[in-house]
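Sequences listed follow chains B and R, in order.
For the first sequence, the positions run 1 to 265 when our numbering is used.
For the second sequence, the positions run 266 to 693 when our numbering is used.
One structure is given here, and the rest of the page talks about it.
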Amino acid sequence: MSRIAFVLAFHAYALGAIAYLALLSSGREGLVWTARVLTGAGWVLHGLGLAVLLSPQGFRPHGVAQSLSVIAFLLVGLLLAVELRTHAPVLGAFVAPAAVAVWLPALWAGPADQALAGPARAPILVFHIAVALAGLAVFAVATGVAVAFLLLERQVKGKRFGVLFERLPSLELLDGLNQRLVIGGFVALTLTLVTGLWIAARSDTARSLQAVEITTAVAWLVFAALLQARLLAGWRGRRVAWLTMAGFGLLVLSFVGTYGPGGVR
Amino acid sequence: MSVALVCLGISHKTAPLPVRERLALSEERQTALLQRVGAGRAEALLVSTCNRVELYRTGAAGDLESELRTEVLALGGEEALAHAYLHRGEAALHHLFRVAASLDSMVVGEPQILGQLKDAFQLAQRVGAARGELARVCGAAFAAAKRVRTETEVGRAATSMASAAVQLASKIFGGLGGKTVLLVGAGEMSELAGRHLLSAGAGRLLVTNRTEERAVELARALGGEAVPFPSLERALQPADVVVCTTASPTPILTRELVAGTLRARRHRPLFLVDLAVPRDVEPEVNTLDNVYAYDIDDIQKVVAENAALRADAAARAEALVAEDVARFLRERAVREGVPVLAQLRARAEAIRKAELERALANLPTPLTEGQAQVVAAMTSAIVNKVLHQPTVKLRTVAPGAEAHPLADAVAELFGLDPSARPTGSGES
């Protein structure tokens with residue numbers, strides 16, 4: 001049943017992403033609701049599918065396919081919340097295609113159906129994974145917003161007034177949105193690291209730090225430096241957008257290290 | 266019957282500001298004027314904005330034009346009348362539609378005029394000066410304006426340099442609400458820019474000028490604060506938008522000077538609009554992070570792009586307006602045919618009834634009720650068949666017709682008065 005819901009949701013996301021991209025290129029107001037309805041319907045179906053799939057697993061996604069599916073779900077949920085709050089539906093053109101791209105390999109990978117051992121269903125581990133995936137989704141949206149900022153800033157600086165200049169919201173709105181998302185993502189990332197360290201400390205087997213943990217810690221440092229520069233020194237704009245993208249790149253590396261070939265999980 | 270609408274007015278295109286000011290009336294005087302001009306069977310509408318004063322009048326009675334001329338003469342004197350324009354009939358209708366669609370505005374596509382026109386109409390309705398025909402005309406004009414706004418890009422275009430600057434500022438800040446504007450220079454261009462930015466919502470205005478008295482004077486006129494010219498660097502710290510219009514032969518805002526303020530500004534975006542020739546802002550300033558410097562050529566590029574967009578949009582908007590005027594006239598023409606038809610049928614019905622009664626009374630032997638009904642039905646059928654073709658013709662108007670082609674002829678032929686309400690059994 002969840003498989004059917006996922007396939008339907010994926011198609012709704014893909015059509016929604018096309019509608020968002022068409023909105024960006026044409027500016028037709030009618031596409032706003034088309035994109036929202038398609039993406040929203042896909043999100044509801046996706047949520048139902050995940051509930052059916054994850055409830056027997058204690059809501060802990062297992063394997064790369066399920067994790068990617070959860071990230072895509074969180075990404076789309078966040079996108080809908082952000083675009084409704086900021087009244088900037090065109091941001092969907094930067095996030096919805098990313099959600100489709102994230103989920104596509106998961107659909108191909110098929111369901112992960114290994115039985116989970118007792119410790120794997122421990123609440124702290126479920127929380128650790130949930131907050132890690134949520135953080136990744138928040139930073140993905142922040143990166144989409146940073147890309148939109150850089151593209152618009154390039155046009156404003158270069159005095160070239162193309163489609164993006166016409167359609168995107170103001171630089172100040174994009175920059176402020178990036179700040180709020182980075183703060184949210186940073187909180188999630190901090191919780192991920194703290195719970196990860198706590199789980200590692202309680203583990204019976206002693207082991208040294210792995211590349212994944214080091215990469216995540218470096219990403220945390222990048223975002224910590226970014227927030228400090230932003231909040232204390234007033235940094236904003238282009239430099240902050242680049243740092244957001246760099247930090248997110250490190251988190252993607254960490255995710256690949258965790259779930260990719262030869263990953264720790 | 267053509268449209269009995271007359272428009273007498275002055276606008277930014279025909280009259281200078283002092284003349285327009287003379288015709289600016291308080292609401293009480295507007296009310297009194299509307300009650301006077303829109304009395305009896307006439308209807309009236311007064312459009313009074315800072316760019317135009319127009320008096321519209323409709324109705325069949327009286328000399329519309331000369332009465333309007335008398336009113337304008339009384340209000341603004343000979344000079345106002347000399348700057349006035351007069352539109353009659355369809356031209357007046359077309360003018361009203363263009364005004365509503367913001368095609369006759371100083372800034373083509375500006376949105377305020379439709380609201381002002383609606384206010385004017387509401388006032389006319391409140392005082393009883395706009396009732397039937399004028400309400401239909403205004404309703405159609407508002408619908409045409411809405412169509413122009415939704416179906417063309419005309420409303421999106423900024424036209425002047427100041428509005429181009431506002432457009433760019435909205436791309437950086439999202440809006441000027443609460444933003445601080447610094448005017449460097451206190452000339453006419455600075456004043457115009459200041460007024461425009463304030464009307465676009467800027468929160469605080471600072472003015473600086475080498476001659477401090479002029480800065481103080483302009484600041485007072487615009488409700489801002491004067492800043493001594495040597496404190497320019499300090500004045501840059503709270504500023505979000507800076508408009509430079511001085512006659513300085515060398516740049517006033519150098520890269521070094523602006524870069525020195527960035528830390529104190531906590532890297533808030535700074536939008537520099539340099540309308541001076543030679544330039545007041547060093548071009549290298551634009552390379553600084555979060556600083557967006559536009560010189561007069563850059564701004565003119567935006568104006569030119571807007572103008573190109575506007576010309577295209579305005580042409581389409583003009584076509585839409587012409588289409589809507591034609592539709593309104595066609596519908597009106599159909600409405601013109603209806604009262605004539607109603608009267609014609611009422612007249613025929615009255616004749617039928619009278620002749621039937623006389624014929625029945627003249628019969629030597631009275632008919633039974635059933636026989637009388639058969640004869641009555643036969644007379645009704647004759648009347649209906651005779652009037653079938655005129656009915657069809659009076660309910661149809663050819664595309665492009667400005668008035669009903671047959672309404673006047675039928676009225677003349679049968680001695681009907683189309684402006685009078687039909688009596689008797691009326692239209693079937």
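Using N, Cα and C, we set each Cβ at its ideal position, and we do this for glycine too.
Just to make sure I have the definition right: I need the residues of chain B whose C-beta is within less than 7 Å of the C-beta of residue i. Which are they?
i, result
"residue 570 of chain R", "161"
"residue 557 of chain R", "156, 157"
"residue 563 of chain R", "159"
Around the C-beta of residue i, are 16 or more other C-beta atoms found within 10 angstroms, so that it is buried, or is it exposed?
i, result
"residue 322 of chain R", "buried"
"residue 269 of chain B", "Lying outside 1 to 265, the shown extent of chain B, residue 269 of chain B is not represented and no answer is given."
"residue 516 of chain R", "buried"
"residue 117 of chain B", "With a pLDDT of only 46 at residue 117 of chain B, under 50, the local geometry of the prediction cannot be trusted, and no value is derived from it."
"residue 628 of chain R", "exposed"
"residue 143 of chain B", "buried"
"residue 248 of chain R", "The requested residue 248 of chain R is not part of the displayed model; chain R covers only 266 to 693."
"residue 15 of chain B", "buried"
"residue 368 of chain R", "buried"
"residue 545 of chain R", "buried"
"residue 562 of chain R", "exposed"
"residue 423 of chain R", "Annotation note: pLDDT 46 at residue 423 of chain R (below 50); position unreliable, coordinate value reported separately. Looking at its Cβ environment, which holds 16 or more other Cβ atoms inside 10 Å, residue 423 of chain R is buried."
"residue 426 of chain R", "buried"
"residue 428 of chain R", "buried"
"residue 311 of chain R", "buried"
"residue 473 of chain R", "buried"
"residue 578 of chain R", "buried"
"residue 202 of chain B", "exposed"
"residue 432 of chain R", "buried"
"residue 137 of chain B", "buried"
"residue 682 of chain R", "exposed"
"residue 139 of chain B", "buried"
"residue 650 of chain R", "exposed"
Residue i touches chain R at which residues, Cβ-Cβ below 8 Å?
i, result
"residue 165 of chain B", "436"
"residue 169 of chain B", "439"
Which one or two residues does DSSP pair with residue i in a beta bridge?
i, result
"residue 350 of chain R", "R:274"
"residue 313 of chain R", "R:318"
"residue 323 of chain R", "R:270, R:308"
"residue 490 of chain R", "R:471"
"residue 445 of chain R", "R:469"
"residue 481 of chain R", "Answer is none; residue 481 of chain R lacks a bridge partner."
Would you mind telling me which residues of chain B sit closer than 9 Å to residue i, beta carbon to beta carbon, in chain order?
i, result
"residue 675 of chain R", "Per Cβ cutoff of 9 Å: no residues; residue 675 of chain R is ~47 Å from chain B at best."
"residue 567 of chain R", "159, 161"
Can you pull the chain R residues whose beta carbon is under 7 Å from the beta carbon of residue i, in chain order?
i, result
"residue 234 of chain B", "531, 532"
"residue 268 of chain B", "No statement about residue 268 of chain B is possible, as the shown extent of chain B runs from 1 to 265 and does not include it."
"residue 172 of chain B", "437, 438, 439, 534"
"residue 123 of chain B", "Neighbours of residue 123 of chain B on chain R: none; closest Cβ ~42 Å, over 7 Å."
Would you kindly report the start and end of the unbroken alpha helix (DSSP H) that includes residue i?
i, result
"residue 212 of chain B", "211-233"
"residue 178 of chain B", "171-202"
"residue 123 of chain B", "123-158"
"residue 661 of chain R", "First-last for residue 661 of chain R: undefined, no H or E at that position."
"residue 266 of chain B", "Outside the shown range of chain B (1 to 265) lies residue 266 of chain B, about which nothing can therefore be said."
"residue 16 of chain B", "2-26"
"residue 671 of chain R", "Counting along the chain, residue 671 of chain R falls outside any alpha helix (DSSP H), and DSSP gives it neither H nor E."
"residue 296 of chain R", "292-302"
"residue 459 of chain R", "453-464"
Hey, quick one: how far does the beta strand (DSSP E) through residue i stretch, first residue to last?
i, result
"residue 506 of chain R", "506-509"
"residue 556 of chain R", "556-560"
So which residues of chain R does residue i contact, with C-beta pairs closer than 9 Å?
i, result
"residue 89 of chain B", "Simply none; closest approach about 16 Å."
For residue i, go through chain B and note every residue whose CB falls closer than 8 Å to its CB, in chain order.
i, result
"residue 551 of chain R", "157"
Closer than 8 Å: is that where the CB of residue i sits relative to any heavy atom of the ligand ZN?
i, result
"residue 142 of chain B", "For the ligand ZN, the structure offers nothing, since it holds no ligand at all."
> At which residue ranges does the segment 511-549 of chain R contain complete alpha helix (DSSP H) runs of 4 or more residues, listed in the order of the chain?
Replying inline: 520-527
>> Report the start-end ranges of each alpha helix (DSSP H) in the segment 566-650 of chain R that is 4 residues or longer and not cut off at the edges.
In response: none
>> For a minimum of 4 consecutive residues, which ranges assigned as the alpha helix (DSSP H) are wholly contained in the segment 388-431 of chain R?
In response: 398-416
> Which whole runs of the alpha helix (DSSP H) in the segment 35-109 of chain B are 4 residues long or more, in chain order?
Replying inline: 63-86, 92-109
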